[in-house]
Amino acid sequence: MSVVQAYYHDNIPGAQSLPHDSRQAVPIETLSKLGYTILSVNGPDYEEKIGPILQKLGYERTDESVLKVNLGEVPENLDLDPQHSLTQLFTRLGQQSLSDSDRQVYSGSCSTDLEALAITASRDLAGIVQTGGLYLDIQEPQTTSWIRVVLVPGAFFHVPAGSIRRVFMDNVNKANVSGILLCKGPWSIDLITWGKDAENHPKRSEYLRSIGL
Numbered sequence: 436m437s438v439v440q441a442y443y444h445d446n447i448p449g450a451q452s453l454p455h456d457s458r459q460a461v462p463i464e465t466l467s468k469l470g471y472t473i474l475s476v477n478g479p480d481y482e483e484k485i486g487p488i489l490q491k492l493g494y495e496r497t498d499e500s501v502l503k504v505n506l507g508e509v510p511e512n513l514d515l516d517p518q519h520s521l522t523q524l525f526t527r528l529g530q531q532s533l534s535d536s537d538r539q540v541y542s543g544s545c546s547t548d549l550e551a552l553a554i555t556a557s558r559d560l561a562g563i564v565q566t567g568g569l570y571l572d573i574q575e576p577q578t579t580s581w582i583r584v585v586l587v588p589g590a591f592f593h594v595p596a597g598s599i600r601r602v603f604m605d606n607v608n609k610a611n612v613s614g615i616l617l618c619k620g621p622w623s624i625d626l627i628t629w630g631k632d633a634e635n636h637p638k639r640s641e642y643l644r645s646i647g648l
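Going by the numbering used here, the sequence shown opens with residue 436, and the numbers climb by one from there.
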C-alpha cells in the first residue's frame, strides 16, 4: 500500500474541481496525527481488500452503515456541476434510506458557498473510491489551512468524528465516480453538521483533545 498524494490547498479562488496544488506536499505522518487514515489499495477487488482495514478501525458492514455511491445512477436532471461539493451528491444519494422529513433537511443543506460546504460528523466515516476521482479537503486545526488529498481508484479514507472537511469531484473524472461509504453506526439525518455550526459541534472538542489540542 502507498500514500495518496496530499498537499496544502493554494486558496486561489476558482473551481474546486481543479487541483489547487500549492506545491507544498503533506506527508502521511501529518494526516495520521490529525486522526486520518489514507491508504492506496490495489484493485480490482477493493471491497474485499478493505475488510481487514475496516475491522482494525472498528467498522461493521451492515445494511444501515454502508452507502454505495455510483454517479452513473444519478438522474440526468440532478445538478452535478463539478464546482459544487460532492457532499451534495452523497447526501442526495443517501436519501433512499431517510424519511421524507429528513429528505427536506438534506435538500436544504445543498450550497455552493465554500464555507457552508465544510462539514463535520458525529461518528467516524470511511470509504473507498472504486472509479473516478475526488478531492478530500482536510482542515488543519492548528492553522485552519486546508490539506487537499487526491483520491483516485483504490484510495481508502477514514475520517474521525469531529474533524472538519470538504469533498469535491475532480474536473477529469466527474462523470465516473463510484465507491462505498461506511459509518460507525447507521446513517441518520443528525450525522452531518454544516458550515459554521461544524466548529461548535460537541464532537469537535473531543476530536481536538484526541489530537492534543
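Just so it is clear, CB atoms sit at the ideal spot from N, CA and C, and this is done for glycine as well.
- The shortest CA-to-CA distance from Gly562 to any of Leu466, Leu489 and Thr578 is the one to Leu489.
- Of all alpha-carbon atoms in Pro454, Ile463, Leu560 and Leu469, the one lying nearest the alpha-carbon of Thr578 is that of Leu469.
- The stretch 580-588 and the stretch 633-640 do not touch, with fewer than three beta-carbon pairs separated by less than 8 Å.
- By the neighbour-count criterion, in which 16 or more other beta carbons inside 10 Å mark a residue as buried, Ala450 falls on the exposed side.
- The beta carbon of His444 lies closer than 8 Å to those of His455, Ser457, Asp572, Ser580, Trp581, Ile582 and Arg583 in the same chain, with the five residues before and after it left out.
- In this structure, Ala556 and Leu626 form a Cβ contact; the two beta carbons are roughly 5 Å apart against a cut-off of 8 Å.
- Burial of Ser598 is indicated by the presence of at least 16 other C-beta atoms within 10 angstroms of its C-beta.
- In the displayed model, Tyr443 falls within a strand according to three-state DSSP.
- Thr628 is bridged by DSSP to Thr555.
- Here DSSP, grouped into helix, strand and coil, assigns Thr497 to coil.
- The three-state reading of DSSP puts Lys503 in strand, counting E and B together.
- Scanning its chain for C-beta atoms nearer than 8 Å, with the 5 sequence neighbours on each side dropped, one finds around Leu648 the residues Pro576 and Gln577, in chain order.
- Spanning the alpha carbons of Arg644 and Leu466 requires a straight line of approximately 16 Å.
- Residue environment for Ile615: buried (at least 16 other C-beta atoms within 10 angstroms of its C-beta).
- Listed as beta-bridge partners of Trp581 by DSSP are Gln574.
- Bridge partners of Ile563 according to DSSP: Phe591 and Ile615.
- Restricting attention to Lys491, Thr497, Gly478 and Arg496, the CA atom closest to the CA of Thr472 is found in Lys491.
- Note that the C-beta distance between Met604 and Leu560 is not below 8 Å.
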